[in-house]
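Asker:
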Amino acid sequence: MSAKQVAFLDRDGVINEFVLEAIRDPDQFRYYDFTAEALARLGRLGLPVVVVTNQSAIGRGWTTEEIVQQIHQRLLKDMNSWGVQVLAIKHCPHHPEDGCRCRKPDTGMLEEAAEEFEIDLTSSVMVGDSVVDMQAADKLGMTKVRVKTGRGESPLPDGLQIDAHVADLSEAVDWMESWSSTSPSP
Ligand SMILES: [Mg+2]
Ligand SMILES: [Zn+2]
185 MSAKQVAFLD RDGVINEFVL EAIRDPDQFR YYDFTAEALA RLGRLGLPVV VVTNQSAIGR
245 GWTTEEIVQQ IHQRLLKDMN SWGVQVLAIK HCPHHPEDGC RCRKPDTGML EEAAEEFEID
305 LTSSVMVGDS VVDMQAADKL GMTKVRVKTG RGESPLPDGL QIDAHVADLS EAVDWMESWS
365 STSPSP
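Residues in the sequence shown are numbered from 185 upward in steps of one, following our numbering.
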């Protein structure tokens, strides 16, 4: 099996509306008005998707593993209905002070997915709103697309170069449409 080119998507502030101090309840999980259309186009592009999301609200005791799983079952079902090939939805449940390897800007979730699904990270793209999304992707030599929704307008650290800074997920898919036609398939 040859290595795959994949779109990694952050969750909060990219796919669904950003909520200050975390989504703690399924009722707070709301898509943007462009989400369904954008993800349907991403599905037609044929790029498989892995969602990678920091959910320290679990480690902080603000929500539970069960609630996050419930939200992710809904997300998976919806993404499938929009025609997206979802390889996995991965979350880091840890508190920022736990010192885990999965919490972005660390690369554990990305590397674990790469191993499980034979993903070629250097030919894959990360779409995120937060600086940590861009930092994690940068460590692995991935293409980096930042959206301006959610936390997407905070300053980047000096020296961190990204490939695009677009309005939202819909524009990120526009960008990936031209990118995937020019980037070599592994
Ligand atoms: Mg985010
Ligand atoms: Zn973690």
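Backbone N, C-alpha and C define an ideal beta-carbon position, used for all residues, glycine too.
1) Quick one, are the C-beta atoms of Val376 and Gly227 less than 8 Å apart?
2) Which whole runs of the alpha helix (DSSP H) in the region 196-255 are 4 residues long or more, in chain order?
3) I'd like the span of the beta strand (DSSP E) that includes Thr327, first residue to last.
4) Below 7 Å, is the gap between the Cβ of Ser314 and the nearest heavy atom of ligand 1?
5) Got a list of residues with beta-carbon closer than 5 Å to any non-hydrogen atom of ligand 2, in chain order?
6) Cβ of Val234 versus every heavy atom of ligand 1: is any distance shorter than 7 Å?
7) Taking its Cβ as the centre, do 16 or more other Cβ atoms sit within 10 Å of Arg258, making it buried, or is it exposed?
8) Could you give the distance in angstroms between the alpha-carbon of Leu271 and the alpha-carbon of Cys284?
9) Pairs of beta-carbons, one from the region 335-350 and one from the region 215-231, closer than 8 Å: are there three or more?
10) Return the CA-CA distance between Val357 and Leu231, expressed in angstroms with no decimal places.
11) Output the boundary residues of the alpha helix (DSSP H) element that contains Val357.
12) DSSP three-state call for Met185: helix, strand or coil?
13) Arg335 and Phe213: beta carbons closer than 8 Å?
14) Arg335: beta carbon under 7 Å from a heavy atom of ligand 1?
15) Just mark Pro210 as buried or exposed, buried being the case when its beta carbon has 16 or more other beta carbons within 10 Å.
16) With a threshold of 8 Å between beta-carbons, can Val198 be considered close to chain D, or not?
17) When the Cα atoms are used, what is the spatial distance from Met263 to Ile255?
Answerer: Based on what the coordinates show:
1) The structure shown has nothing for residue 376, since the chain only spans 185 to 370.
2) 219-229, 240-243
3) 327-331
4) yes
5) Cys276, His278, Cys284, Cys286, Arg287
6) no
7) exposed
8) 23 Å
9) no
10) 11 Å
11) 353-366
12) Confidence in Met185 is poor, its pLDDT being 46 and thus under 50, which makes the residue's placement unreliable; the coordinate value appears in the next sentence. The answer is coil: DSSP assigns Met185 none of H, G, I, E or B.
13) no
14) yes
15) exposed
16) Any reference to chain D falls outside this structure, which holds one protein chain only.
17) 12 Å
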